[in-house]
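Worksheet for the structure shown next.
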Amino acid sequence: MTLAAGLVIILFGLCGGLHARAMAFAMHLTDRKHITGTGALLIALYVLAAAHIAEAGLYAVGFFIGESTGIGGFAQADVNSFMDVFYFSVVNYSSLGLGDIYPTGHLRFLAGIEALNGFLLISCSASTIFLVTTRRHS
Numbered sequence: 008m009t010l011a012a013g014l015v016i017i018l019f020g021l022c023g024g025l026h027a028r029a030m031a032f033a034m035h036l037t038d039r040k041h042i043t044g045t046g047a048l049l050i051a052l053y054v055l056a057a058a059h060i061a062e063a064g065l066y067a068v069g070f071f072i073g074e075s076t077g078i079g080g081f082a083q084a085d086v087n088s089f090m091d092v093f094y095f096s097v098v099n100y101s102s103l104g105l106g107d108i109y110p111t112g113h114l115r116f117l118a119g120i121e122a123l124n125g126f127l128l129i130s131c132s133a134s135t136i137f138l139v140t141t142r143r144h145s
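Shown next, in the form of structure tokens:
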């Protein structure tokens with residue numbers, strides 16, 4: 008459980024920091040160029056989507072490390088590549104939760120925290136997109 012808790016603390020912080028930088032970058036890009044409307048929306052969407060994909064990737068690495076160290080695994084026998092773990096991470100991060108792959112052991116704790124982290128960061132993205140698209144330049 009100690010390793011799982013350590014992974015959670017590291018991944019939660021890394022993802023939060025990455026996302027804070029991505030939100031600031033989206034705001035900076037649209038502010039510096041005085042981009043508004045559809046252009047600002049597209050910039051924010053692409054920057055923040057890239058951040059979300061990278062964050063799910065970080066959690067996938069965490070799941071891979073957790074599985075490699077024996078703190079848990081996946082119940083399905085056909086989870087045998089990093090892409091399978093990354094797919095699970097994206098589904099879990101977005102709180103979609105399809106259920107075709109699910110973790111066992113202490114990886115369940117990591118999965119729960121990933122869903123919480125994803126929900127929080129997706130909410131932050133929504134507020135950033137709102138700010139970018141409603142900002143008026145003088």
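Residues 8 to 145 (our numbering) make up the sequence shown, in order.
All C-beta atoms, glycine included, are put in the ideal place defined by N, C-alpha and C.
Report yes if the CB atom of residue 37 is closer than 7 Å to the CB atom of residue 27, and no otherwise. no
Collapsed DSSP secondary structure at residue 111 in the structure displayed: strand
Name the residue from 8, 132, 91, 104 whose alpha carbon lies nearest to the alpha carbon of residue 64. 91
By DSSP, does residue 20 sit in helix, in strand, or in coil? helix
7 Å is my cut-off, CB to CB: does residue 130 come that close to chain B? Considering every chain present, this structure includes no chain B. It has just one protein chain.
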